[in-house]
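> If you want my numbering, it's the 1-based position in the sequence shown plus 34. All C-beta atoms in this analysis are idealised placements derived from N, C-alpha and C, irrespective of residue type, glycine included.
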Amino acid sequence: MNNYVKIFDTTLRDGEQSPGATMTSAEKLEVARALSRLGVDIIEAGFPAASPDDLEAVRRIAAEVGNPPKGDESAKVPVIAGLARAIKEDIDKAWQAVREAQNPRIHTFLATSEIHMQHKLNMTREQVLERVANMVAYARSLCADVEFSPEDAGRSDPEFLYQVLGVAIQAGATTLNIPDTVGYTTPDEFGGLIAGIIANTPGMHEGITISVHTHDDLGLATANALAGMKAGARQAEVTINGIGERAGNTSLEEVAMALRTRHPVYGLETGIDTTQIARVSKLVSNYTGIVVQPNKAIVGSNAFAHEAGIHQAGMLKHNQTYEIMRPEDVGVNQSRLVLGKHSGRSALRARLAEMGHGLDDHELDKAFTRFKELADRKKVITDADLEALIADEFYRPRDIYSLDGLQVACGTMGLPTATVRLRGPDGKIHTHASVGTGPVDATYKAIDAVVKVHNTLLEFNVHAITEGIDALGEVTVRVQPQNPLNKVDAQTETEYARVFGGHGADSDILVASAKAYLAALNKLIVAQTEGSQPSHTDVGVMMVG
Numbered sequence: 035m036n037n038y039v040k041i042f043d044t045t046l047r048d049g050e051q052s053p054g055a056t057m058t059s060a061e062k063l064e065v066a067r068a069l070s071r072l073g074v075d076i077i078e079a080g081f082p083a084a085s086p087d088d089l090e091a092v093r094r095i096a097a098e099v100g101n102p103p104k105g106d107e108s109a110k111v112p113v114i115a116g117l118a119r120a121i122k123e124d125i126d127k128a129w130q131a132v133r134e135a136q137n138p139r140i141h142t143f144l145a146t147s148e149i150h151m152q153h154k155l156n157m158t159r160e161q162v163l164e165r166v167a168n169m170v171a172y173a174r175s176l177c178a179d180v181e182f183s184p185e186d187a188g189r190s191d192p193e194f195l196y197q198v199l200g201v202a203i204q205a206g207a208t209t210l211n212i213p214d215t216v217g218y219t220t221p222d223e224f225g226g227l228i229a230g231i232i233a234n235t236p237g238m239h240e241g242i243t244i245s246v247h248t249h250d251d252l253g254l255a256t257a258n259a260l261a262g263m264k265a266g267a268r269q270a271e272v273t274i275n276g277i278g279e280r281a282g283n284t285s286l287e288e289v290a291m292a293l294r295t296r297h298p299v300y301g302l303e304t305g306i307d308t309t310q311i312a313r314v315s316k317l318v319s320n321y322t323g324i325v326v327q328p329n330k331a332i333v334g335s336n337a338f339a340h341e342a343g344i345h346q347a348g349m350l351k352h353n354q355t356y357e358i359m360r361p362e363d364v365g366v367n368q369s370r371l372v373l374g375k376h377s378g379r380s381a382l383r384a385r386l387a388e389m390g391h392g393l394d395d396h397e398l399d400k401a402f403t404r405f406k407e408l409a410d411r412k413k414v415i416t417d418a419d420l421e422a423l424i425a426d427e428f429y430r431p432r433d434i435y436s437l438d439g440l441q442v443a444c445g446t447m448g449l450p451t452a453t454v455r456l457r458g459p460d461g462k463i464h465t466h467a468s469v470g471t472g473p474v475d476a477t478y479k480a481i482d483a484v485v486k487v488h489n490t491l492l493e494f495n496v497h498a499i500t501e502g503i504d505a506l507g508e509v510t511v512r513v514q515p516q517n518p519l520n521k522v523d524a525q526t527e528t529e530y531a532r533v534f535g536g537h538g539a540d541s542d543i544l545v546a547s548a549k550a551y552l553a554a555l556n557k558l559i560v561a562q563t564e565g566s567q568p569s570h571t572d573v574g575v576m577m578v579g
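1. Once the 5 residues before and after residue 261 are set aside, which same chain residues still bring their CB inside 8 Å of it?
2. Answer with buried or exposed for residue 202, where buried requires no fewer than 16 other C-beta atoms within 10 angstroms of its C-beta.
3. Quick one: measure Cβ to Cβ for residue 440 and residue 545, integer angstroms, because I've assumed they're closer than 8 Å.
4. If you compare alpha carbons, which of 90, 311, 73 is closest to residue 80?
5. Output yes or no for whether 9 Å exceeds the beta carbon distance between residue 116 and residue 153.
6. For a test of the three-state rule: what should DSSP assign to residue 553, helix, strand or coil?
7. Since residue 174 is in the alpha helix (DSSP H), which residue starts that stretch and which ends it?
8. So, for residue 42: in the same chain, excluding its five sequence neighbours on each side, which residues have a beta-carbon less than 6 Å away from its beta-carbon?
9. Check whether the Cβ atoms of residue 181 and residue 209 sit closer than 9 Å, and answer yes or no.
10. Only counting runs of 4 or more residues, tell me where the alpha helix (DSSP H) segments fall wholly within the segment 386-469, in order along the chain.
11. Exposed or buried, which one is residue 319 when buried takes at least 16 other CB atoms within 10 Å?
12. Among 317, 467, 380, which one has its Cα closest to the Cα of residue 538?
13. If you count every other CB in all the chains shown that lies within 10 Å of the CB of residue 360, and 16 or more means buried, which is it?
14. Where do the N-terminal and C-terminal ends of the alpha helix (DSSP H) with residue 294 fall, by residue?
15. Could you check which residue in 299, 381, 253 has the C-alpha nearest to that of residue 282?
16. Which residue wins for smallest C-alpha separation from residue 112, given the options 68, 147, 124, 87?
17. Contact between the segment 327-339 and the segment 556-563: three or more CB pairs below 8 Å?
18. Which full runs of the alpha helix (DSSP H) of 4+ residues lie inside the segment 71-114, going along the chain?
19. Determine the extent of the beta strand (DSSP E) in which residue 271 is found, giving its start and end residues.
20. Thinking just about the alpha-carbon of each residue, which of 313, 267, 321 is nearest to the one in residue 304?
21. Is it the case that the segment 391-406 contacts the segment 435-453, given that we only count it when at least three CB pairs across the two stretches are under 8 Å?
22. With the cut-off set at 9 Å, would you say residue 482 and residue 450 are in Cβ contact?
23. If I measure Cβ to Cβ from residue 433 and keep anything under 7 Å in the same chain, skipping five residues before and after, which residues do I get?
24. For residue 245, does the three-state DSSP call read helix, strand or coil?
25. For residue 419, which option in 506, 391, 389, 468 has the closest C-alpha, if you only look at C-alpha atoms?
26. Can you give me the Cβ contacts of residue 172 inside the same chain, cut-off strictly under 7 Å, excluding the 5 residues immediately before and after it?
27. Could you check how far apart the C-beta atoms of residue 217 and residue 251 are, in whole angstroms? I think they sit under 8 Å.
28. How big is the Cα-Cα spacing for residue 37 and residue 301?
29. By how many angstroms is the C-alpha of residue 279 removed from the C-alpha of residue 343?
30. If the criterion is Cβ atoms closer than 9 Å, does the pair residue 71 and residue 307 meet it?
31. Round the Cβ separation of residue 471 and residue 548 to the nearest angstrom and send it over; I've been treating them as touching at under 8 Å.
32. Assuming residue 96 and residue 131 are in contact, meaning their beta carbons sit under 8 Å apart, how far apart are those beta carbons, in whole angstroms?
33. What first and last residue would you give for the beta strand (DSSP E) that runs through residue 515?
34. I'd like the span of the alpha helix (DSSP H) that includes residue 131, first residue to last.
35. Could you pull out every residue in the same chain whose Cβ sits closer than 6 Å to the Cβ of residue 391, ignoring the five residues on either side in sequence?
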């Protein structure tokens with residue numbers, strides 16, 4: 035058995051099913067590019083049958099990320115996968131979306147646990163076996179690379195699971211993904227399940243890849259995935275920052291660094307460039323609006339921080355006393371970037387290139403203008419400042435309304451008052467002043483008076499990206515329309531309310547707050563304008579994970 039583990043990243047599919055993790059098509063494409071640079075082997079780009087928008091997003095990723103750059107035909111490109119229920123219409127749309135990729139994959143699934151077959155599918159075991167045989171064979175008639183997942187495998191009868199997987203192999207599946215869909219199993223159980231599948235599935239041979247897809251409902255996702263790999267699985271399905279439905283998925287960074295740090299235990303390799311991890315983590319956090327918890331393994335802000343005196347003393351003597359990984363291994367740069375108001379375009383371009391941002395001349399001019407504005411307010415510009423600047427300048431959602439000016443008066447001597455000046459979709463300037471319970475409340479009320487989109491602010495998060503009194507501030511918000519844009523899941527007939535996230539960064543925290551709120555409102559307006567067309571982020575409950 036080989037010792038290479040394929041990394042199957044489903045941030046753009048299962049990860050985006052996190053409530054509020056709305057990404058635009060442009061943001062999804064940028065994340066896909068970052069995942070390719072990171073070295074993932076397979077990118078599950080979405081669920082094409084969810085909506086025309088999701089199909090187009092997957093198709094664009096397949097065409098642009100799933101093919102080598104012109105002039106470099108030998109460059110490694112990831113497999114691009116599209117998810118499909120085990121029905122012909124879904125499989126057709128998945129193939130339509132991924133077929134332009136150099137290495138396309140159709141990933142289809144059907145539940146195999148008694149509770150899912152009885153209460154969700156209303157199917158017998160015989161009907162499930164027949165459906166798997168027919169639909170996997172149909173997918174294989176379109177695409178040479180077919181992955182099959184028995185949903186809720188963690189709670190399925192192992193003997194029946196062997197039958198289903200044997201049928202899938204006979205029908206042409208090349209990868210068998212074993213999902214612990216609801217995070218129910220323990221490492222011993224899940225490792226035993228994988229070992230049993232390898233030993234007892236009819237038709238199992240060396241050409242079949244066994245994959246693991248685990249969820250974190252009991253906090254065991256990474257442990258279960260590692261147990262599955264130790265038992266013989268050679269593909270791990272993961273997401274950046276562990277985002278996903280409910281408590282989330284196995285996180286890519288945890289799997290990659292566990293296999294690297296504990297190589298003597300597992301003896302397994304991946305193709306991940308771990309120095310890209312921190313940057314991609316930040317990118318996904320910005321676009322989804324889901325803040326990484328400070329104590330999150332590998333990528334949390336406290337992952338390489340030491341406060342206790344004993345720990346600090348040990349670190350001063352030797353960093354391995356309290357660090358089992360070097361921060362540089364995951365792309366965390368502890369030194370400050372010496373860029374300031376005297377720096378030129380060449381220095382900025384070089385540093386951005388090192389960070390993975392290849393800008394053309396026009397984009398560099400725009401970034402340089404923002405850089406100079408920031409440098410006039412800060413003595414030193416750090417990598418984190420640059421990441422926030424790039425995200426805010428190039429990857430924010432399409433502007434319906436944009437901030438043209440903001441003035442706030444607050445304090446103990448009077449009522450907090452905010453005056454906003456917004457540029458509307460007609461290009462005209464709209465100005466309004468409002469009073470609130472605080473400066474942010476006043477600002478948001480003034481914006482509401484202009485935009486006139488009734489919504490509920492569900493979440494408001496603010497933190498400093500860098501240290502010091504001149505720190506660049508970052509704000510993420512989530513909003514929901516007061517008349518929720520509910521969507522009905524086709525399989526469970528359950529309604530789900532859409533939530534829209536926004537991100538803003540500025541050295542003035544009130545300006546960052548206004549930008550974040552406008553970003554969320556712009557997404558909401560676009561969704562309302564689309565009317566009955568569902569967003570690619572709205573279909574999620576019937577998925578494998």
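This is what the structure holds:
1. Only 221, 222, 224, 225, 228 meet the Cβ criterion.
2. Buried is the label assigned to residue 202, since at least 16 other Cβ atoms lie within 10 Å of its Cβ.
3. Yes, residue 440 and residue 545 are in contact; Cβ-Cβ is about 6 Å, under 8 Å.
4. Nearest to residue 80 by alpha-carbon distance, out of 90, 311, 73, is 90.
5. Not a contact, by the Cβ cut-off of 9 Å.
6. The answer is helix: DSSP assigns residue 553 an H, G or I state.
7. Here the alpha helix (DSSP H) through residue 174 covers 159-176.
8. Counting only Cβ-Cβ distances below 6 Å, and skipping sequence neighbours, we find 76, 269, 271.
9. For residue 181 and residue 209, yes; Cβs fall inside 9 Å.
10. Within the segment 386-469, the complete alpha helix (DSSP H) runs of at least 4 residues are 395-409, 417-428.
11. Residue 319 counts as buried, since at least 16 other C-beta atoms from the protein chains shown sit within 10 angstroms of its C-beta.
12. Nearest Cα to residue 538 within the set 317, 467, 380: 317.
13. Burial call: exposed.
14. Residues 286-295.
15. Out of 299, 381, 253, the CA that lies nearest to the CA of residue 282 is found in 253.
16. Out of 68, 147, 124, 87, 68 has the C-alpha closest to the C-alpha of residue 112.
17. In the pairwise beta carbon analysis, the segment 327-339 is classified as not touching the segment 556-563: fewer than three pairs are separated by under 8 Å.
18. Runs of the alpha helix (DSSP H) spanning 4 or more residues and lying entirely within the segment 71-114 occur at 86-98, in chain order.
19. Where residue 271 is concerned, the enclosing beta strand (DSSP E) starts and stops at 269-272.
20. Closest option to residue 304, Cα to Cα, is 267.
21. Not touching, per the Cβ criterion.
22. With contacts defined by Cβ atoms closer than 9 Å, residue 482 and residue 450 do not form a contacting pair.
23. For residue 433, where only same-chain residues beyond five positions count, the Cβ hits under 7 Å are 556.
24. Three-state DSSP puts residue 245 in a strand.
25. Residue nearest to residue 419 within the set 506, 391, 389, 468 is 506 (criterion: CA-CA distance).
26. If the five residues before and after residue 172 are omitted, its C-beta is found closer than 7 Å to the C-beta atoms of 122, 125, all from its own chain and listed in chain order.
27. Yes, residue 217 and residue 251 are in contact; Cβ-Cβ is about 3 Å, under 8 Å.
28. Between residue 37 and residue 301, the C-alpha separation is close to 7 Å.
29. At residue 343, the pLDDT of 47 sits below 50, so the modelled position is not reliable and the matter cannot be decided from this model.
30. Going by C-beta atoms, residue 71 is nearer than 9 Å to residue 307.
31. The C-beta distance from residue 471 to residue 548 rounds to 16 Å, too long to meet the 8 Å contact threshold.
32. Contact between residue 96 and residue 131 holds, since their C-beta atoms are separated by about 6 Å, short of 8 Å.
33. Here the beta strand (DSSP E) through residue 515 covers 507-515.
34. In the DSSP assignment, residue 131 falls within the alpha helix (DSSP H) that extends over 122-132.
35. So the qualifying residues of the chain are 424.
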